[in-house]
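When the letters of the sequence shown are read in order and numbered with the numbering used here, they come out as residues 412 to 577.
Note that the Cβ used here is the ideal one computed from N, Cα and C, for glycine as well.
As the structure is a computational prediction, the values presented were derived from the model and not from experiment.
The structure under discussion appears below in the form of structure tokens.
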Amino acid sequence: MHIRKGDGGDVIAVLAMFDSAVAWLVSQGRTGQWGSRPFTGDDKRARQIAGWAEGGGMRIAEVAGRPAGCLVVGAPHDYVTPAAESELYVQCLVIDKAFAGQGVGRALLDHAYERARELGVSLLRVDCYAGDDGRLVAYYESCGFTRTAPFTVGEWPGMLLQRRVT
Numbered sequence: 412m413h414i415r416k417g418d419g420g421d422v423i424a425v426l427a428m429f430d431s432a433v434a435w436l437v438s439q440g441r442t443g444q445w446g447s448r449p450f451t452g453d454d455k456r457a458r459q460i461a462g463w464a465e466g467g468g469m470r471i472a473e474v475a476g477r478p479a480g481c482l483v484v485g486a487p488h489d490y491v492t493p494a495a496e497s498e499l500y501v502q503c504l505v506i507d508k509a510f511a512g513q514g515v516g517r518a519l520l521d522h523a524y525e526r527a528r529e530l531g532v533s534l535l536r537v538d539c540y541a542g543d544d545g546r547l548v549a550y551y552e553s554c555g556f557t558r559t560a561p562f563t564v565g566e567w568p569g570m571l572l573q574r575r576v577t
């Protein structure tokens, strides 16, 4: 697996990653996280991903030369209170379902942890969808994060998690 900096040329591949994740979630009857429609063709989603690429915090994991996952780090989302200490925030993590079970997400989160360490940041935080069966929260916990606070955005249930950088 190779992790590289993402750029504007990755927007279509990242949209496709989200499309595969949404299709899988829909097949499981779990539409609360990202809805039920593909991201491809949604101009708002495309602009968001292009903004992540321009912001410099996007990383793309490649497996056998194919884009397999995307991580974006930066400042916390506007619906999350910034930490009272230095932090790096995981703004996005998505894996193409074709690469499920290959450790892509864990590798990207470890990359974010190492980036935080390089920057001298003491805290890595992420938020995620906390509805349905809670599997996503449990996934982040399996990657070394601990729950800090539940929250809601409208009716969307979320969980804020953190990982200390040592």
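Exposed unless 16 or more other CB atoms sit within 10 angstroms - verdict on residue i
i: leucine 535; result: buried
i: arginine 456; result: buried
i: alanine 495; result: exposed
i: alanine 560; result: exposed
i: leucine 520; result: buried
i: leucine 499; result: buried
i: glycine 512; result: exposed
i: glycine 440; result: exposed
Short Cβ contact (7 Å threshold) for residue i with residue j
i: valine 505; j: methionine 412; result: no
i: alanine 541; j: phenylalanine 510; result: no
i: aspartate 430; j: threonine 451; result: yes
i: glutamine 388; j: glycine 476; result: Outside the displayed range of the chain (412 to 577) lies residue 388, so it cannot be described from this structure.
i: tryptophan 445; j: valine 437; result: no
i: tyrosine 490; j: valine 564; result: yes
Beta-carbon contacts of residue i that lie in its chain and below 8 Å, excluding the five residues immediately before and after
i: threonine 557; result: Leu572, Gln573 and Arg574
i: glutamate 465; result: Gly419
i: tyrosine 524; result: Leu535, Gly555, Arg574 and Val576
i: arginine 526; result: Val484 and Leu499
8 Å contact criterion, which residue i and residue j should meet: CB distance rounded
i: alanine 518; j: isoleucine 423; result: Incorrect: roughly 22 Å between the Cβ atoms, too far for contact.
i: alanine 590; j: valine 515; result: Residue 590 lies beyond the stretch modelled for the chain, which goes from 412 to 577, so this question has no answer here.
i: leucine 547; j: cysteine 539; result: 5 Å
Beta-carbon contacts of residue i that lie in its chain and below 6 Å, excluding the five residues immediately before and after
i: serine 497; result: Val532 and Ser533
i: tryptophan 463; result: Met469 and Val483
i: aspartate 507; result: Met428, Ser431 and Ala479
Check: residue i C-beta below 6 Å from any heavy atom of the ligand PLP
i: arginine 458; result: Summarising the ligand content, the structure contains no ligands, and the ligand PLP is consequently not present.
Own chain, CB closer than 7 Å to residue i, minus 5 neighbours either side, in chain order
i: threonine 442; result: Leu436
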